[in-house]
Every structure is written in C-alpha cells, then in structure tokens.
Amino acid sequence: IFTILHLGFLYVKRDPRNFLKGLRIALDEGWIKEGQIKFLQVGTVDPEFNLEHFISEHNLNKAVELRGQIPLQDSLSMLWQAHCLLLLQPGTTTQTPSKLFEYIITGQPILTISPKGSSVWDFALENELGPLPDPDDPREIAKALQQLYTAWSENKSSMQLSQDVIQRFNAIPITEELVKRMDEVTR
Numbered sequence: 230i231f232t233i234l235h236l237g238f239l240y241v242k243r244d245p246r247n248f249l250k251g252l253r254i255a256l257d258e259g260w261i262k263e264g265q266i267k268f269l270q271v272g273t274v275d276p277e278f279n280l281e282h283f284i285s286e287h288n289l290n291k292a293v294e295l296r297g298q299i300p301l302q303d304s305l306s307m308l309w310q311a312h313c314l315l316l317l318q319p320g321t322t323t324q325t326p327s328k329l330f331e332y333i334i335t336g337q338p339i340l341t342i343s344p345k346g347s348s349v350w351d352f353a354l355e356n357e358l359g360p361l362p363d364p365d366d367p368r369e370i371a372k373a374l375q376q377l378y379t380a381w382s383e384n385k386s387s388m389q390l391s392q393d394v395i396q397r398f399n400a401i402p403i404t405e406e407l408v409k410r411m412d413e414v415t416r
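In terms of our numbering, the sequence shown opens at residue 230 and continues consecutively.
Laid out in structure tokens, this is it:
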C-alpha cells in the first residue's frame, strides 16, 4: 500500500480538504486503485475542519487514517516508513516549516501543496522535492498523486530525492562543519 504521511497540526490555513478531494478524484478516475493508497495524518486536526465527517462524506474511510498525537519516536519511525510525505502550506507565502528539513532527510518525495511563488514552493522547485500542484485545484492534486503512485508502483527511484539535496540539508555534516569553523576561530 502506497503510504502518504503528514506530520503535524492541521489548522487555520493548513486545510487538507483540497488534498483529500484530490485523493477522491484519483480513486474515482481509477488512477489509483481502492485499497492501494493510505493517507496518514499524525497530529491534531482543527475541529472546525470537521474532517471525520468530510472523510466519511467523500467515502475516504478506507484511504485516510487520522492518528492524532503520538509519541515522537513513533512519529519519526512512521516518517521513515512512508513512501511520500505531504507538506501542506496552502495559505502562506513566507513560512517554511522546519518539518520540511526532517522530510528531506528521508529521501522520499515530498508532495508540496503551497501557492506558486511562495517560499516553500520555490524551495521545493529548486531542490526537486516532488510534485507542486496548485493548492486550489483538487484535479491537479489528483494528477500529482497519480504521478507519485505510478512511480512507486513501478518501483522507480526517479521520485527519490537526490543524494546531493539530502546531504546539503543533513544536520550532522552541517554541525560538524560548524564545529570545525568554531575551532578555527577560537584558536
């Protein structure tokens, strides 16, 4: 089963409903077979979204799982097991969440749902993190899901992030370089 994971709170402008509409379209069009995809939301969901009702109303009960808050170790384990990571920033143009860098380290493709020209969209485009569908267009989101699912089902590594990108944002070598430079300055 192709697994997409979103870690973190869904609130205010971080509204997952267009993503879920896109998922429904991908299933209805037959681009992804029922039972072959699972979206996991780990973290609190704003009650105003009425997401459980929305999921039921769109017949997504088998494809969507809301986990709520779980221990950090468990969420990190899920992060490494997912086939695709969802970065949901549909209503902001300047914020880049720190989870993006946690996502990058896994090497998995990142479905970035953010306005074109936003800081997150530009970053994802520049680093080739994955598809960049219009956040207001569920059909475009569905096509991005189809692209990711097809690459996964055909066992293509083309959707994996490049090692260069992964290493560039890996905190361990960055920290080692900082320590080295600090040593040079303090000598």
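Where a beta carbon is used, it is the ideal one built from N, C-alpha and C, also for glycine.
Residue i, buried or exposed, once every other Cβ within 10 Å from all chains shown has been counted against 16
| i | result |
| --- | --- |
| W309 | exposed |
| L407 | exposed |
| T335 | buried |
| H235 | buried |
| M388 | buried |
| Q337 | buried |
Own chain partners of residue i with C-beta closer than 8 Å, once the 5 adjacent residues on each side are dropped
| i | result |
| --- | --- |
| R368 | G251 and I254 |
| E357 | L390, S391 and V394 |
| E294 | K267, F268, L269 and Q270 |
| I230 | G264, Q265, I266 and K267 |
| E281 | L295 |
Own chain, CB closer than 6 Å to residue i, minus 5 neighbours either side, in chain order
| i | result |
| --- | --- |
| G320 | K242 |
Proximity to residue i [Cα-Cα], best of the options
| i | options | result |
| --- | --- | --- |
| F238 | A380, K372 and G297 | G297 |
| F398 | I333, L315 and S285 | I333 |
| S306 | T325, E331, S285 and M411 | E331 |
| G272 | G346, K291 and Y240 | Y240 |
Contacting residues, own chain, Cβ-Cβ under 7 Å from residue i (five flanking each side not counted)
| i | result |
| --- | --- |
| A373 | L340, P360 and P362 |
| D365 | N247 |
| D244 | F278 and P319 |
| F283 | R246 and L249 |
| T325 | S348, V349 and F352 |
Contact under 8 Å by Cβ, residue i with residue j
| i | j | result |
| --- | --- | --- |
| I370 | I342 | yes |
| A311 | I261 | no |
| T322 | S348 | yes |
| L377 | C313 | yes |
| L329 | L316 | yes |
Closer than 8 Å to chain C by CB, residue i
| i | result |
| --- | --- |
| L390 | Among the chains of the structure shown, chain C does not appear; only one protein chain is present. |
Are at least three pairs of beta-carbons, each pair with one atom in the region 275-289 and one in the region 298-314, less than 8 Å apart? no
Please confirm if the region 340-355 is in contact with the region 398-406, defined as three or more CB-CB distances below 8 Å between the two stretches. no
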